[in-house]
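From first to last, the protein sequence lines are chains Y and B. First residue of the first sequence: -11, per the working numbering; consecutive thereafter. First residue of the second sequence: 147, per the working numbering; consecutive thereafter.
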Amino acid sequence: DTAVSQTPKYLVTQMGNDKSIKCEQNLGHDTMYWYKQDSKKFLKIMFSYNNKELIINETVPNRFSPKSPDKAHLNLHINSLELGDSAVYFCASSQPGTVSGNTIYFGEGSWLTVV
Amino acid sequence: TQLLEQSPQFLSIQEGENLTVYCNSSSVFSSLQWYRQEPGEGPVLLVTVVTGGEVKKLKRLTFQFGDARKDSSLHITAAQPGDTGLYLCAATSNTGKLIFGQGTTLQVKP
């Protein structure tokens, strides 16, 4: 069973469209994240949720809106897509307060290409 | 702003060679992690080091945390094509976020 799963894996869409990426984790973790990896492979945090509550919101355009319906799910909705949004988006989770609390478990990534 | 600088950024070597990847910062961290990301996949944790001077071994991979807990190195002995991937160091910042270095892309040719 995949611990952190996200869909879709590949997404090609036109500028101006609105799209969503879904994420689910079956690890029982309280904390979930969205990371963005650019073309230079730099991995940067976008959002972090703990038990459905937003705790980290980096300087991300407000076209990006995360939603956590429950602690096992964290979806990312992007409005009015721009060329610069093309990247790989990784969902991840962790369980703070445990021995492995700093370990981040990543999904396989969603490759977004805006044309 | 706390930063992690990795070097080299790219490394292409022949099978059987040894290599070392470095992760440096001007900040002190309570722990540091190394992840490996294979093409088409997400990063996967290799190791966490927490004590200054600590050395951990994972088969042919040796990880060291600097005495001052500001830097770390990853040494691979007798590299194999299966070691090919992106190696990322990461540490928890003083704001509680996990920050990543820019990564080292390793290619091991048969």
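Idealized CB from N, CA, C, for every residue including glycine. Model, not experiment: these values are computed from the prediction.
Would you please verify whether the beta carbon of residue i is less than 8 Å from any beta carbon of chain B?
i, result
"residue 52(Y)", "no"
"residue 29(Y)", "yes"
"residue 78(Y)", "yes"
"residue 90(Y)", "yes"
"residue 85(Y)", "no"
"residue 9(Y)", "no"
"residue 70(Y)", "no"
"residue 96(Y)", "yes"
"residue 44(Y)", "yes"
"residue 33(Y)", "yes"
For residue i, which residues from the same chain have a beta carbon less than 6 Å from its beta carbon, with the 5 sequence-adjacent residues on both sides left out?
i, result
"residue 232(B)", "183, 249, 251"
"residue 177(B)", "194, 196"
"residue 164(B)", "223"
"residue 43(Y)", "36"
"residue 116(B)", "The first residue shown for chain B is 147 and the last is 256, placing residue 116(B) beyond what the model contains."
Starting from the C-beta of residue i, find all residues in its chain whose C-beta is less than 7 Å away, skip the five residues before and the five after it, and write them out in chain order.
i, result
"residue 61(Y)", "11, 12"
"residue 211(B)", "178, 195, 197, 198, 199, 200, 218"
"residue 161(B)", "225, 226, 227, 254, 255, 256"
"residue 147(Y)", "Outside the displayed span of chain Y (-11 to 103) sits residue 147(Y), for which this structure offers no information."
"residue 104(Y)", "What is shown of chain Y runs -11 to 103, which leaves residue 104(Y) out entirely."
"residue 17(Y)", "81, 82, 83"
Report the partner residues of residue i according to the DSSP bridge assignment.
i, result
"residue 162(B)", "None; residue 162(B) has no bridge partner."
"residue 231(B)", "252(B)"
"residue 78(Y)", "23(Y)"
"residue 36(Y)", "21(Y), 44(Y)"
"residue 57(Y)", "The partner list for residue 57(Y) (beta bridge, DSSP) is empty, contrary to what the question assumes."
"residue 170(B)", "151(B), 217(B)"
"residue -10(Y)", "In DSSP, residue -10(Y) forms no bridge with anything."
"residue 63(Y)", "55(Y)"
Are any of the Cβ atoms in chain Y nearer than 8 Å to that of residue i?
i, result
"residue 177(B)", "yes"
"residue 251(B)", "yes"
"residue 198(B)", "no"
"residue 194(B)", "yes"
"residue 246(B)", "yes"
"residue 243(B)", "yes"
"residue 188(B)", "yes"
"residue 150(B)", "no"
"residue 207(B)", "no"
"residue 191(B)", "yes"
Can you tell me which of the options puts its alpha carbon nearest to the alpha carbon of residue i?
i, options, result
"residue 221(B)", "169(B), 149(B), 245(B)", "169(B)"
"residue 41(Y)", "51(Y), 48(Y), 55(Y)", "55(Y)"
"residue 72(Y)", "-3(Y), -9(Y), 2(Y), -4(Y)", "2(Y)"
"residue 67(Y)", "31(Y), 100(Y), 96(Y), 5(Y)", "5(Y)"
"residue 181(B)", "235(B), 241(B), 152(B)", "235(B)"
"residue 20(Y)", "38(Y), 34(Y), 32(Y), 14(Y)", "38(Y)"
"residue 187(B)", "-3(Y), 101(Y), 26(Y)", "-3(Y)"
"residue 215(B)", "203(B), 230(B), 239(B)", "239(B)"
"residue 100(Y)", "-9(Y), 64(Y), 17(Y), 14(Y)", "64(Y)"
"residue -1(Y)", "74(Y), 27(Y), 31(Y), 53(Y)", "74(Y)"
"residue 22(Y)", "8(Y), 16(Y), 28(Y)", "8(Y)"
So residue i contacts chain Y; which residues on that side make the cut at Cβ distance below 8 Å?
i, result
"residue 157(B)", "Residues of chain Y passing the Cβ test: none, with the nearest at roughly 13 Å."
"residue 238(B)", "90"
"residue 232(B)", "29"
Since residue i meets chain Y, which of its residues come closer than 9 Å, beta carbon to beta carbon?
i, result
"residue 220(B)", "Neighbours of residue 220(B) on chain Y: none; closest Cβ ~16 Å, over 9 Å."
"residue 204(B)", "Per Cβ cutoff of 9 Å: no residues; residue 204(B) is ~15 Å from chain Y at best."
Got a sec? Which residues, its chain only, sit under 8 Å from residue i by beta carbon, not counting five neighbours each side?
i, result
"residue 97(Y)", "-6, -3, 25, 76, 77, 78"
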